[in-house]
Amino acid sequence: MCMLLVATGFIAFMTLHDPTRRFIHSGAGYSLVIVSWVMSIVLILVLACCEKARRTSPTNYIVLVLFTVVMSFMTGATASRYDKIEVRNLQNEAGLSLKQTSM
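Start counting the sequence shown at 208; every next residue gets the next number (the working numbering).
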């Protein structure tokens with residue numbers, strides 16, 4: 208649930224804040240997307256292959272928080288390519304389905 212809230216915050220910020228949206232569409236923003244893509248693959252491999260990183264208490268929280276931030280950034284960068292109305296409609300639909308499944 209916390210990961211979904213963080214991702215929703217990233218999506219809302221990158222979609223609704225015009226300077227951030229323009230930055231993501233520039234060359235520097237594109238390089239950040241590539242860096243986050245590489246980081247997500249590295250973090251997935253760390254979680255899959257390193258048992259010590261999965262099992263020890265502070266390390267697994269750190270890796271999971273990093274993974275959440277990286278994937279939320281990638282989702283926000285992808286959502287910034289769409290129109291604001293489309294993203295709001297998708298968030299409303301996701302919220303309604305989440306509410307219905309939690310009942």
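For glycine and all other residues, C-beta sits at the position ideal for the given N, C-alpha and C.
Asked: Helix, strand or coil, according to DSSP, for CYS257 in the structure here?; Found: coil
Asked: THR215 and GLN307 - do their beta-carbons sit closer together than 8 Å?; Found: no
Asked: What residue does the alpha helix (DSSP H) around ARG228 start on, and which one ends it?; Found: 225-232
Asked: Does the separation of the CB atoms of ARG229 and THR222 fall below 8 Å?; Found: no
Asked: Going by the beta-carbon positions, is the gap between MET281 and VAL245 smaller than 8 Å?; Found: no
Asked: What number of angstroms, rounded off, separates the C-alpha of ILE231 from the C-alpha of ARG288?; Found: 9 Å
Asked: For THR275, collect the residues of the same chain with a Cβ closer than 7 Å to its Cβ; drop the 5 residues on either side in sequence, then sort them by chain order.; Found: MET210 and VAL213
Asked: Candidates ASN296, SER304, GLY283 and GLU300: which alpha carbon is nearest HIS224's?; Found: GLY283
Asked: Assign LEU252 to one of two classes, buried (16 or more other C-beta atoms within 10 Å of its C-beta) or exposed (fewer than that).; Found: exposed
Asked: Is DSSP giving ARG288 helix, strand or coil here?; Found: coil
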